[in-house]
Structure formats: structure tokens, C-alpha cells
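Enquirer: One structure is given below, represented as C-alpha cells, and several questions about it will come after.
In full-length UniProt numbering, the protein residues as written are 1 to 303.
Pasting the structure below:
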């Protein structure tokens with residue numbers, strides 16, 4: 001194990017949009033920053049990113065590449081492709097160990113580690129995720145608007161999801177993938193709005209390179225679809241915040257206040273790991289705020 005004794009002002013774990021935005025704010029504040037990034041963003045399969053001013057329709061990879069180039073132009077910012085596997089509090093800050101055995105220390109720590117989506121156990125679901133199986137209408141709804149769309153959900157979650165997606169298309173079907181858990185009132189309300197409800201169990205998503213064509217049911221029947229909206233269960237991509245004692249919300253997000261501070265002094269978090277509002281724009285905004293607040297905290301400590 002190699003220990004790097006010169007401490008950084010800030011270590012950022014996670015080098016996607018939130019982490020890069022935090023690094024830019026800190027680099028522009030003349031802070032010595034190290035970004036540790038595993039290179040496994042949750043949107044790596046998504047063809048295009050939307051709803052982010054000046055970058056609408058660009059690929060997630062191209063946005064990230066341009067961001068890295070601009071952030072690393074600040075000579076006090078470094079990025080290392082490494083997987084952080086251990087974290088501990090020290091007398092003067094924090095220590096992070098990587099999978100390769102390197103250790104780095106810093107005064108402050110920012111987690112921008114994102115979430116890991118756990119794919120539903122349906123053949124074809126993972127291959128279509130982010131391409132034609134979609135989680136966010138604000139990110140992807142415009143591109144499939146006014147087309148036959150489906151929602152894979154049930155119960156109250158399904159009811160609320162239908163209300164949301166109905167704004168983008170009137171040709172909408174709710175697939176409960178088994179017996180409906182809708183209340184009688186919810187069922188009546190949906191059918192009154194022309195929503196079809198199919199309770200058959202899904203066998204497979206038929207697709208071409210992630211582009212959905214049909215839902216194939218276990219009874220052998222099928223349903224043609226352009227896109228399917230669904231929400232996959234998720235977990236924290238990185239367990240280190242919990243190792244340090246950062247509290248999680250009931251939904252599984254890292255709890256932060258309005259200044260992106262976690263429940264552990266000196267530890268901040270930003271991006272998808274902290275909120276259900278998962279988008280490039282929100283991640284960048286939260287990362288920028290985290291960087292600015294961390295810099296202000298360092299100023300106060302040193303003054």
C-alpha cells in the first residue's frame with residue numbers, strides 16, 4: 001500500500017457531472033483537488049441527454065468528456081481513474097484507499113458517487129434501459145411524445161406514474177405485470193381517461209439493439225410499443241458514505257442539507273446519490289454548490 005502524504009484540500013469521490021462541477025468550483029478557488037472516478041456512470045447506455053441548457057441532445061459521454069477537459073485545465077485539479085474502497089476519518093480530515101492500494105488524504109470530502117440501478121428480472125429489460133425503457137419523462141418524454149407508450153408499474157405508484165406520462169401521450173397502457181393493486185376508484189379513474197390496464201405477466205421485452213418493439217406475455221400474446229416507462233429499484237453505488245456514518249433517507253438517498261452537507265462534519269455529497277431528481281442539470285447545480293460551500297468552509301477554518 002502506497003500512502004501519499006501531501007494532503008489535498010478536497011477529495012472528490014465520483015467524477016461524473018456532480019463531481020466535475022464541484023471540482024471546477026474548487027479549481028477556480030485555487031484549491032488542490034483530487035477526483036477519484038471508477039468510470040462507471042449509471043447513464044452509460046443512454047444515447048442522448050436532454051433538458052440541460054447548451055447541451056440538449058448531446059451524448060452523456062461527450063458532455064462528460066468536454067467537462068473533464070475544462071475542469072482539468074485548472075492546474076490544481078487532478079483526476080485519477082480509481083475505485084475507492086475504504087474511507088476513514090483522520091485527525092486532520094479524511095483518508096481514502098483505492099482498489100490498487102493507494103491512499104490519499106484530504107481536509108474535506110465530497111461524495112458524488114451516484115446510484116446503481118438494479119434491473120428488473122425480465123428478459124430484455126436491461127438491454128433496453130435508458131434507450132427505450134425510460135425512467136424520466138423530462139429527460140426522454142419529448143422524443144416519444146404522442147406515440148403508443150406503456151408504463152410498467154402497479155398500485156398507487158402506477159396510478160401516479162400514469163397521471164404524469166399522460167401529459168406526453170394519450171395512447172397509454174398500464175402494465176401491472178400480474179394482478180392489479182389499484183383501488184377500485186383508481187381503476188375507474190384511469191379507464192375514464194382511456195387508459196388500458198393489462199394485468200398479464202411479462203415474459204420478455206422484444207427489441208432491436210435496445211429499441212423496444214413488443215412486450216411478450218407469458219400466455220404467448222404480445223403488445224406493440226415504442227417505449228416503456230419504468231422505475232428500477234436502486235442502491236447507493238458506493239458504500240463509503242455509510243462507512244463514515246453518513247445518514248441515508250428512508251428512500252435510500254444520502255441525506256444532505258441545503259448546502260450539500262451530510263450528517264458527518266466535513267463530508268459533503270451531491271448528485272444522484274442524494275436526490276430523486278436525477279438529471280445532468282440538477283447534478284451540475286448541486287456539485288457547483290457543494291464546491292463553493294466547501295471552499296467557504298476552508299476559508300473560515302483558515303482565517
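All C-beta atoms, glycine included, are put in the ideal place defined by N, C-alpha and C.
Rounded to a whole number of angstroms, what is the C-alpha to C-alpha distance between residue 192 and residue 185?
Expert: Approximately 11 Å between the Cα atoms of the pair.
Enquirer: Can you have a look at residue 211 and say buried or exposed, based on whether 16 or more other CB atoms are within 10 angstroms of its CB?
Expert: Classification of residue 211: exposed, given that the 10 Å Cβ count is below 16.
Enquirer: Can you say whether residue 101 is buried or exposed, counting buried as having 16 or more other CB atoms within 10 angstroms of its CB?
Expert: That one is exposed.
Enquirer: Identify, in the order they occur along the chain, each residue of the same chain with its Cβ nearer than 6 Å to the Cβ of residue 196, setting aside the five sequence neighbours on each side.
Expert: Only 173 meet the Cβ criterion.
Enquirer: Is residue 205 near the ligand MG, with its Cβ less than 6 Å from a heavy atom?
Expert: This structure lacks the ligand MG; in fact it carries no ligand of any kind.
Enquirer: Do you know offhand how far residue 290's Cα is from residue 65's?
Expert: Each residue's alpha carbon lies about 21 Å from the other.
Enquirer: State the Cα-Cα distance for the pair residue 232 and residue 92, rounded to the nearest angstrom.
Expert: Taking the straight line joining both Cα atoms gives about 40 Å.
Enquirer: Which residue's Cα is closest to the Cα of residue 9: 281, 26, 240?
Expert: The candidate whose alpha carbon is nearest that of residue 9 is 26.
Enquirer: Please state whether DSSP places residue 68 in a helix, a strand or coil.
Expert: Helix.
Enquirer: In terms of residues, what are the limits of the beta strand (DSSP E) holding residue 102?
Expert: Counting along the chain, the beta strand (DSSP E) containing residue 102 begins and ends at 102 to 111.
Enquirer: What residues match up with residue 89 in a beta bridge as DSSP calls it?
Expert: Answer by DSSP bridge pairing, in chain order: 94.
Enquirer: What is the residue span of the alpha helix (DSSP H) that residue 189 lies within?
Expert: 184 to 192 is the extent of the alpha helix (DSSP H) around residue 189.
Enquirer: State the CB to CB distance for the pair residue 230 and residue 152, rounded to an integer number of angstroms; the pair is presumed to be in contact (CB under 8 Å).
Expert: With 8 Å as the limit, residue 230 and residue 152 qualify as a contact, their Cβ atoms being about 4 Å apart.
Enquirer: Could you compute how far the alpha carbon of residue 135 sits from the alpha carbon of residue 276?
Expert: Approximately 11 Å, taken between the alpha carbons.
Enquirer: Assess, as a yes-or-no matter, whether the segment 159 to 178 is touched by the segment 234 to 254 under the definition of 3 or more beta carbon pairs within less than 8 Å.
Expert: With a cut-off of 8 Å, the segment 159 to 178 and the segment 234 to 254 do not count as touching, because too few Cβ pairs lie within range.
Enquirer: To the nearest angstrom, how far is the alpha carbon of residue 114 from that of residue 236?
Expert: Whole-angstrom Cα-Cα distance: 7 Å.
Enquirer: Which residue marks the beginning of the alpha helix (DSSP H) containing residue 302, and which one marks its end?
Expert: Counting along the chain, the alpha helix (DSSP H) containing residue 302 begins and ends at 280 to 302.
Enquirer: Based on Cα-Cα distance, which residue from 69, 94, 57 lies nearest to residue 266?
Expert: Measuring from the Cα of residue 266, the nearest candidate turns out to be 94.
Enquirer: I'd like to know whether the C-beta atoms of residue 284 and residue 21 end up nearer to each other than 7 Å.
Expert: Yes, the Cβ-Cβ distance between residue 284 and residue 21 is below 7 Å.
Enquirer: Taking residue 54 as the reference, give the member of 288, 280, 287 with the closest Cα.
Expert: Cα-wise, what sits closest to residue 54 is 280.
Enquirer: Are at least three pairs of beta-carbons, each pair with one atom in the segment 241 to 260 and one in the segment 73 to 85, less than 8 Å apart?
Expert: The segment 241 to 260, when compared against the segment 73 to 85, does not touch it at the 8 Å Cβ threshold.
Enquirer: Spell out the partners DSSP gives residue 254 in its beta bridges.
Expert: According to DSSP, residue 254 bridges with 248.
Enquirer: Assuming contact is defined by CB atoms lying nearer than 7 Å, are residue 107 and residue 39 in contact in what I supplied?
Expert: It is not a contact, given that the beta carbons lie outside the stated cut-off.
Enquirer: Between residue 16 and residue 41, is the Cβ-Cβ spacing less than 7 Å?
Expert: The answer is yes: Cβ separation under 7 Å.
Enquirer: Under the three-state reduction of DSSP, which class applies to residue 204: helix, strand or coil?
Expert: Here residue 204 sits in strand by DSSP.
Enquirer: If you drop the 5 nearest sequence neighbours on each side, which residues of the same chain put their C-beta closer than 7 Å to that of residue 125?
Expert: Answer for residue 125: 119, 133, 205, listed in chain order.
Enquirer: Decide if residue 282 is buried, meaning its Cβ has at least 16 other Cβ atoms within 10 Å, or exposed.
Expert: By the 10 Å Cβ count, residue 282 comes out buried.
Enquirer: So what does DSSP say about residue 209, is it helix, strand or coil?
Expert: Three-state result, residue 209: coil.
Enquirer: For residue 138, I'd like the list of residues in its chain whose CB is within less than 6 Å of its CB, leaving aside the five on either flank, ordered along the chain.
Expert: Cβ within range, chain order: 51.
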